[in-house]
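*Asks:* With this note's numbering, the residue at position 163 of the sequence shown is 163, and numbering never jumps.
We treat Cβ as the ideally placed atom computed from N, Cα and C, and that holds for glycine.
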Amino acid sequence: MDRNTRIAVIGAGLGGLTVAGFLQRAGFPVTVYEQAPAFSRIGAGIILSANAMKVLRRLGVERALIETGIKPDCYISRAWDTGESMYEIYFDAASEERYGGPYLNIHRGDLHEILARVVPPSTVRFNHQLVGLDRAGGAYRLVFGNGSTVAADIVIGADGIRSKVREVLLGEQPPRFTGAVAHRAIFPSERLGGFKIPDCTKWWGPDRHCLPYFMTSKRNEVYVIGVIPAAEWASEAASMPSSREALMADFADFHQDLQRVLEATEDVSVWPIFDRERDDRWSGDDIVLMGDACHPVRPYMAAGGAMAIEDGAILSRCLEKCDNSAEAFKWYEATRIPRVADVQRISIENSWMRGPTETDWFYCYDPCVVELIRPN
Ligand SMILES: Cc1cc2nc3c(=O)[nH]c(=O)nc-3n(C[C@H](O)[C@H](O)[C@H](O)COP(=O)(O)OP(=O)(O)OC[C@H]3O[C@@H](n4cnc5c(N)ncnc54)[C@H](O)[C@@H]3O)c2cc1C
């Protein structure tokens, strides 16, 4: 591809910042347009597995992530009632060697703050909500809610589950409510009153689960996500206030070790879980989707962010390698769709690490060197 090709990335989320970082390093002029006025520290944790960490290493932020988040020493699956261990995986020097990178838990706000460093600050234009997109004279004209317009040769839609770029490409199609909502809470570990917990535990119930984990290497901040069935989400809001009482009521039958953790929560909010039916059309003329914009997954494998990060590395490699965007997008789709389809399926099943699990295919994958798949 001609290195003068102007690339506009819509959305400064995990995928958008990753792809922008790689494309800039490859010599393309890239600008990222973000609707938010600034990055904010939303109250949630995120897990990044080795497959994603290897990408972030190439962008120079692995050390900062490790210093800020925590490399948990284990992930334990336990039965909701007896507390019996169903599966345990330990993370240490040997597992890092095997997977090629660490497993990391981190506050989302911290992840974002660090990921933003992979591009110069002037790359990201805040307060730019994409509201329109059309073709004019061989280039795209992007129209923003603040009244400004810009031209770009390639548009990358990294604008999340309610992607405007997706709407332009594929038509309006609201995301699907999955029939589940997630309570989320963060609290200082001292509220556990000395009660010891493993670094990361998933409590598995018949129709719900709860995952408490530390988010910092000092183990001074705990994140809890508790997913329960729900008939509907009757709100336009991305989240609603909840309470410790509601959270504890929803997990009242669970083992006392989990009760001790839930008692320590203070601020609790509840978030709907949406996804979309699998759709394998991710691109059009000089326009392409990535991350949640084309394949939102249920958060039960802790893999949606990792998929957006992997997309960023692969999409950049395809654009570097090919002579034109149409060819690049075919390589990108051929490489990404089979892997993402497996992750979507496992996330819907909610089966990852419930019992004995073969993890190598997921964690050992390195998007920066894996062989790209030739399109048919
Ligand atoms: C409860 C929950 C827990 C999760 N836990 C994990 C986990 O542990 N590990 C993991 O890997 N994944 C997890 N995920 C999934 C992960 O959060 C997403 O898959 C990931 O954030 C997708 O990244 P993205 O870059 O595609 O989109 P996003 O991170 O959603 O970023 C999209 C960006 O685009 C911007 N934007 C949107 N519309 C416009 C517009 N019109 N114009 C300009 N900008 C726009 C948004 O403001 C945002 O900054 C979880 C998800 C949920 C709901």
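Return yes when the Cβ of R354 is within less than 9 Å of the Cβ of S77, no when it is not.
*Replies:* Working through the sequence shown from its first residue, we reach residue 77 at position 77. Working through the sequence shown from its first residue, we reach residue 354 at position 354. Yes, Cβ-Cβ distance for S77 and R354 is below 9 Å.
*Asks:* Would you check whether ligand 1 has a heavy atom nearer than 8 Å to the C-beta of H128?
*Replies:* Counting from one through the sequence shown, the residue named residue 128 turns up at place 128. Yes; taking the cut-off as 8 Å, the Cβ of H128 has a heavy atom of ligand 1 nearer than that.
*Asks:* Along the chain, where does the beta strand (DSSP E) containing R78 start, and where does it finish?
*Replies:* Here residue 78 corresponds to residue number 78 of the sequence shown, with the count starting at 1. Where R78 is concerned, the enclosing beta strand (DSSP E) stretches over C74 to A79.
*Asks:* Counting C-beta neighbours from all protein chains within 10 Å, is the total for A234 16 or more, i.e. buried, or is it exposed?
*Replies:* Counting from 1 along the sequence shown, the entry for residue 234 is found at position 234. The residue is exposed, with fewer than 16 neighbouring Cβ atoms inside 10 Å.
*Asks:* Closer than 8 Å to a non-hydrogen atom of ligand 1 - does that hold for the CB of K71?
*Replies:* Residue 71 sits at position 71 when you count from the first residue of the sequence shown. Incorrect: K71 has no Cβ contact closer than 8 Å to ligand 1.
*Asks:* Expressed to the nearest angstrom, what Euclidean distance is found between the alpha-carbon atoms of T265 and A237?
*Replies:* Residue mapping note: residue 265 aligns to position 265 of the sequence shown, counting from 1. Residue mapping note: residue 237 aligns to position 237 of the sequence shown, counting from 1. So the two alpha carbons sit approximately 22 Å from each other.
*Asks:* Just to check, is the beta-carbon of R208 closer than 8 Å to a non-hydrogen atom of ligand 1?
*Replies:* What you label residue 208 is simply residue 208 of the sequence shown in a count that begins at 1. Not so, every heavy atom of ligand 1 lies at least 8 Å from the Cβ.
*Asks:* State buried or exposed for P102, treating a residue as buried only when at least 16 other CB atoms are found within 10 Å of its CB.
*Replies:* Along the sequence shown, read from residue 1 onward, the residue named residue 102 stands at position 102. Buried: at least 16 other Cβ atoms inside 10 Å.
*Asks:* Let's see if you can read the secondary structure: which residues bound the alpha helix (DSSP H) around D110?
*Replies:* Reading the sequence shown from its first residue, position 110 is the one you call residue 110. From DSSP, the alpha helix (DSSP H) with D110 extends over R108 to L115.
*Asks:* Cα-Cα, which of E349, D311 and A306 is closest to N51?
*Replies:* The sequence position of residue 51 within the sequence shown is 51, counting from 1. For the residues E349, D311 and A306, the minimum Cα distance to N51 belongs to A306.
*Asks:* Suppose the cutoff is 6 Å on Cβ atoms and the five residues either side in sequence are ignored; what does the same chain contact list for R374 look like?
*Replies:* Translated into the one-based positions of the sequence shown, residue 374 becomes position 374. Counting only Cβ-Cβ distances below 6 Å, and skipping sequence neighbours, we find nothing.
*Asks:* Using C-beta distances below 7 Å, list every residue in its chain close to S239, excluding the 5 sequence neighbours before and after it, in chain order.
*Replies:* Within the sequence shown, numbered from 1, the residue matching residue 239 stands at position 239. S269, V270 and W271, listed in sequence order.
*Asks:* Tell me the DSSP secondary structure of T31 in three-state form.
*Replies:* Residue numbering aside, residue 31 sits at position 31 when the sequence shown is read from its first letter. The answer is strand: DSSP assigns T31 an E or B state.
*Asks:* In terms of residue numbering, what span does the alpha helix (DSSP H) encompassing L211 cover?
*Replies:* Taking the sequence shown and counting its residues from 1, one reaches residue 211 at position 211. Counting along the chain, L211 falls outside any alpha helix (DSSP H), though it belongs to the beta strand (DSSP E) covering H209 to F214.
*Asks:* Closest by CA to A44, which one among F329, V288 and L211?
*Replies:* Taking the first residue of the sequence shown as 1, we reach residue 44 at position 44. Nearest Cα to A44 within the set F329, V288 and L211: L211.
*Asks:* Output the distance between the C-alpha atoms of F274 and L14, rounded to the nearest integer angstrom.
*Replies:* Numbered from 1 along the sequence shown, position 274 holds the residue referred to as residue 274. Numbered from 1 along the sequence shown, position 14 holds the residue referred to as residue 14. Cα to Cα, F274 sits roughly 18 Å from L14.
*Asks:* Let me confirm a value: N146 is counted as buried when at least 16 other C-beta atoms fall within 10 Å, else exposed. Which label applies?
*Replies:* Translated into positions along the sequence shown, residue 146 becomes position 146. Flag for N146 reads exposed.
*Asks:* Look up E84 in the DSSP assignment and say whether it is helix, strand or coil.
*Replies:* If you number the sequence shown from 1, residue 84 lands on position 84. Reduced to three states, the DSSP call for E84 is coil.
*Asks:* Would you mind reading off the limits of the beta strand (DSSP E) that contains R3?
*Replies:* Translated into positions along the sequence shown, residue 3 becomes position 3. Looking at the DSSP string, R3 is not in any beta strand (DSSP E), and its letter there is neither H nor E.
*Asks:* From what residue to what residue does the alpha helix (DSSP H) around T18 run?
*Replies:* As a first step, residue 18 must be located in the sequence shown, where it is residue number 18. L14 to R25 is the span of the alpha helix (DSSP H), which, as asked, contains T18.
*Asks:* Three or more C-beta pairs closer than 8 Å, one from the segment 64-80 and one from the segment 331-347: is that the case here?
*Replies:* no
*Asks:* Sorry if obvious, but does the Cβ on K164 come closer than 8 Å to a heavy atom of ligand 1?
*Replies:* Stepping through the sequence shown from its first residue, residue 164 is reached at position 164. Yes.
*Asks:* Quick check: what's the CA-CA separation for L315 versus E232?
*Replies:* Position 315 of the sequence shown, counting from 1, holds the residue named residue 315. Position 232 of the sequence shown, counting from 1, holds the residue named residue 232. So the two alpha carbons sit approximately 36 Å from each other.
*Asks:* Name the two residues that bound the continuous alpha helix (DSSP H) containing R385.
*Replies:* Here the chain covers residues 1 to 376 and nothing more, so residue 385 does not appear.
*Asks:* Near T178, which residues of its chain fall below 7 Å by C-beta distance, leaving aside the five closest residues on each side in sequence?
*Replies:* Against the sequence shown, residue 178 aligns to sequence position 178. So the list reads I273, F274, D275 and R298, once near-sequence residues are dropped.
*Asks:* Considering only C-alpha positions, which residue in the set G312, L17 and A26 is nearest to N4?
*Replies:* Translated into positions along the sequence shown, residue 4 becomes position 4. Answer by Cα proximity: A26.
*Asks:* Determine whether the beta carbon atoms of A151 and I7 lie at a separation below 9 Å.
*Replies:* As a first step, residue 151 is located in the sequence shown; it is residue number 151 there, counting from the start. As a first step, residue 7 is located in the sequence shown; it is residue number 7 there, counting from the start. It is not a contact, given that the beta carbons lie outside the stated cut-off.
*Asks:* Evaluate Q259 with the Cβ neighbour count: other Cβ atoms within 10 Å of its Cβ, from every protein chain shown; 16 or more gives buried, anything less gives exposed.
*Replies:* Mapped onto the sequence shown, residue 259 falls at position 259. By the neighbour-count rule (16 or more Cβ atoms within 10 Å), Q259 is not buried but exposed.
*Asks:* Inspect the beta-carbon positions of G137 and L111 and report whether they are closer than 9 Å.
*Replies:* Translated into the one-based positions of the sequence shown, residue 137 becomes position 137. Translated into the one-based positions of the sequence shown, residue 111 becomes position 111. Not in contact: G137 and L111 (Cβ atoms no closer than 9 Å).
*Asks:* Please state if the CB of A64 and the CB of R108 are separated by a distance shorter than 9 Å.
*Replies:* Position 108 of the sequence shown, counted from the first residue, corresponds to residue 108. Position 64 of the sequence shown, counted from the first residue, corresponds to residue 64. Against a cut-off of 9 Å, the Cβ pair of A64 and R108 comes out as no contact.
*Asks:* Look at F214 and V222 and say whether their C-beta atoms are less than 9 Å apart.
*Replies:* Working through the sequence shown from its first residue, we reach residue 214 at position 214. Working through the sequence shown from its first residue, we reach residue 222 at position 222. In this structure, V222 lies closer than 9 Å to F214 by Cβ.
*Asks:* Compute every distance between the C-beta of G13 and the non-hydrogen atoms of ligand 1, then say whether any falls below 8 Å.
*Replies:* As a first step, residue 13 is located in the sequence shown; it is residue number 13 there, counting from the start. In this structure, the C-beta of G13 approaches ligand 1 to less than 8 Å from one of its heavy atoms.
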